[in-house]
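2 protein chains.
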Amino acid sequence: MNNDLDNLINLLSKLPGLGPRSAKRAVLHLIKRREGLMLPLAAAMDAAAENIKTCSTCGNVDVQDPCTICIDPRRDNTTLCVVEDVADLWAMERTKAFKGRYHVLGGVLSALDGIGPEDLNIPKLVNRATNSPITEVILATGATVDGQTTAHYITDRLEDSEITISGLAQGIPVGGELDYLDDGTISAALKKRRQIE
Amino acid sequence: MNNDLDNLINLLSKLPGLGPRSAKRAVLHLIKRREGLMLPLAAAMDAAAENIKTCSTCGNVDVQDPCTICIDPRRDNTTLCVVEDVADLWAMERTKAFKGRYHVLGGVLSALDGIGPEDLNIPKLVNRATNSPITEVILATGATVDGQTTAHYITDRLEDSEITISGLAQGIPVGGELDYLDDGTISAALKKRRQIE
Numbered sequence: 001m002n003n004d005l006d007n008l009i010n011l012l013s014k015l016p017g018l019g020p021r022s023a024k025r026a027v028l029h030l031i032k033r034r035e036g037l038m039l040p041l042a043a044a045m046d047a048a049a050e051n052i053k054t055c056s057t058c059g060n061v062d063v064q065d066p067c068t069i070c071i072d073p074r075r076d077n078t079t080l081c082v083v084e085d086v087a088d089l090w091a092m093e094r095t096k097a098f099k100g101r102y103h104v105l106g107g108v109l110s111a112l113d114g115i116g117p118e119d120l121n122i123p124k125l126v127n128r129a130t131n132s133p134i135t136e137v138i139l140a141t142g143a144t145v146d147g148q149t150t151a152h153y154i155t156d157r158l159e160d161s162e163i164t165i166s167g168l169a170q171g172i173p174v175g176g177e178l179d180y181l182d183d184g185t186i187s188a189a190l191k192k193r194r195q196i197e
Numbered sequence: 198m199n200n201d202l203d204n205l206i207n208l209l210s211k212l213p214g215l216g217p218r219s220a221k222r223a224v225l226h227l228i229k230r231r232e233g234l235m236l237p238l239a240a241a242m243d244a245a246a247e248n249i250k251t252c253s254t255c256g257n258v259d260v261q262d263p264c265t266i267c268i269d270p271r272r273d274n275t276t277l278c279v280v281e282d283v284a285d286l287w288a289m290e291r292t293k294a295f296k297g298r299y300h301v302l303g304g305v306l307s308a309l310d311g312i313g314p315e316d317l318n319i320p321k322l323v324n325r326a327t328n329s330p331i332t333e334v335i336l337a338t339g340a341t342v343d344g345q346t347t348a349h350y351i352t353d354r355l356e357d358s359e360i361t362i363s364g365l366a367q368g369i370p371v372g373g374e375l376d377y378l379d380d381g382t383i384s385a386a387l388k389k390r391r392q393i394e
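Just so you know, the protein sequences line up as chains A and B, in that order. If you're matching positions, the first sequence starts at 1 in this note's numbering and goes up one per residue. If you're matching positions, the second sequence starts at 198 in this note's numbering and goes up one per residue.
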């Protein structure tokens, strides 16, 4: 072992999903593919570090500010989907089911971690929702305690406006088998059962 | 999404242990830590790509050739440990239990994958073992079918020499509970049982 290797292993192991052991495996993989993977990866990181910006309107990351989604004229200006993180925005976009605009909070309210409304993009959200043609805000925060607390807080803040506030439906996931689902999901799906027409 | 991001996600997802989804998470993590992680990681990869060499004696990777282990005068010249990969060499070194020299095969014999003796460092191993003060070769290939086939093949090739050939002991791992071990390990440990003195 030596400094160049140790340094690379150490930095790689800071990525989410890679521990010290898998970072070592990744480095050996990179050394075997120097021209094909290691140098292109280093160049891609340099390029991304230089070119990627955070959209000042919605909080998405892109090579331009405002981002591609914010300036796309084909998207619906009246619907705003509020998500916790850019990863959630990407997950929504993957479905191709939503054609409105986004707002990335950059996290959720958390008393434990000391994260309050001012640490998130909430003031900007309120400002954006009340000064634009938006008629519906879809709160797509996670179905966790913190995610739902954040959704409640935003609902309170937007109460006085004319905007419709909605949330994602909860229930059995598509393809879900009751036997493998947690009790909370089954209870929620039972409580929110719908009449079959 | 866009080219710089897609390119980085695509390259990162080629690392072992990272799929497309975890590569996206890693990229978002990197974008949040541009100065602290992304740029240093790119620089570390460039440095490693330039400086890391494969040792022409043993097959280890290091900033110098011959490597630190091969030129270390405190190590025992009479014992040679044969491992499949550099990762196995690192695992052996972690234990600090071996003080001899190494030989990295760069894989195992595999009829299925079409890997024969000439694709591995075996001719060099035979040459090295018979033209040096080596008195014992420890075959530390994996306890897999291919690993054991490779060990058998090397044993055959070194049969005519005066060298002692040994292999790692097989049995119950330290801390192993019988209930959680596979049947093969238990059978092997029973077959190779030793009298307690």
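In this text, a Cβ means the ideal position worked out from N, Cα and C, and glycines have one as well. Please read all numbers here as calculations on a predicted model, not as lab measurements.
Measuring straight from C-alpha to C-alpha, what distance separates residue i and residue j?
| i | j | result |
| --- | --- | --- |
| residue 1/A | residue 394/B | Per-residue confidence for residue 1/A stands at a pLDDT of 49, beneath the threshold of 50, marking its modelled position as unreliable; no derived number is given. |
| residue 227/B | residue 44/A | 12 Å |
| residue 106/A | residue 318/B | 52 Å |
| residue 133/A | residue 63/A | 26 Å |
| residue 208/B | residue 17/A | 16 Å |
| residue 362/B | residue 335/B | 6 Å |
| residue 182/A | residue 3/A | 47 Å |
| residue 19/A | residue 68/A | 34 Å |
| residue 111/A | residue 149/A | 10 Å |
| residue 395/B | residue 373/B | Nothing can be reported for residue 395/B, as the shown portion of chain B is limited to 198 through 394. |
| residue 292/B | residue 285/B | 11 Å |
| residue 168/A | residue 234/B | 35 Å |
| residue 225/B | residue 174/A | 28 Å |
| residue 387/B | residue 144/A | 50 Å |
| residue 383/B | residue 91/A | 46 Å |
| residue 72/A | residue 101/A | 9 Å |
| residue 218/B | residue 390/B | 46 Å |
| residue 117/A | residue 210/B | 34 Å |
| residue 381/B | residue 290/B | 27 Å |
| residue 34/A | residue 316/B | 20 Å |
| residue 320/B | residue 328/B | 12 Å |
| residue 263/B | residue 204/B | 36 Å |
| residue 310/B | residue 392/B | 41 Å |
On the DSSP letters alone, give me the boundaries of the alpha helix (DSSP H) that residue i sits inside.
| i | result |
| --- | --- |
| residue 198/A | Look at the range of chain A in this structure, 1 to 197, and you will see that residue 198/A is not part of it. |
| residue 22/A | 20 to 32 |
| residue 108/A | Residue 108/A -> no alpha helix (DSSP H), and no H or E assigned at all. |
| residue 50/A | 39 to 51 |
| residue 124/A | 122 to 130 |
| residue 383/B | 380 to 388 |
| residue 267/B | 265 to 268 |
| residue 86/A | 86 to 95 |
Drop a sphere of 10 angstroms on the beta-carbon of residue i, count the other beta-carbons inside from all chains shown, and report buried for 16 or more, exposed for fewer.
| i | result |
| --- | --- |
| residue 160/A | exposed |
| residue 338/B | buried |
| residue 375/B | exposed |
May I ask which residues mark the beginning and end of the beta strand (DSSP E) holding residue i?
| i | result |
| --- | --- |
| residue 332/B | Counting along the chain, residue 332/B falls outside any beta strand (DSSP E), and DSSP gives it neither H nor E. |
| residue 299/B | 298 to 301 |
| residue 82/A | 79 to 83 |
| residue 341/B | First-last for residue 341/B: undefined, no H or E at that position. |
| residue 210/B | Segment: none, residue 210/B is in no beta strand (DSSP E) and carries neither H nor E. |
| residue 167/A | 164 to 167 |
What whole-angstrom Cβ distance do residue i and residue j have, given they're in contact under 8 Å?
| i | j | result |
| --- | --- | --- |
| residue 369/B | residue 326/B | Wrong, their Cβ atoms sit about 31 Å apart, outside the cutoff. |
| residue 300/B | residue 255/B | 5 Å |
| residue 5/A | residue 249/B | 7 Å |
Can residue i and residue j be called in contact, C-beta distance under 7 Å?
| i | j | result |
| --- | --- | --- |
| residue 70/A | residue 98/A | no |
| residue 377/B | residue 306/B | no |
| residue 49/A | residue 236/B | yes |
| residue 83/A | residue 60/A | no |
| residue 9/A | residue 24/A | yes |
| residue 323/B | residue 272/B | no |
| residue 239/B | residue 46/A | yes |
| residue 395/B | residue 352/B | Nothing can be reported for residue 395/B, as the shown portion of chain B is limited to 198 through 394. |
| residue 170/A | residue 188/A | yes |
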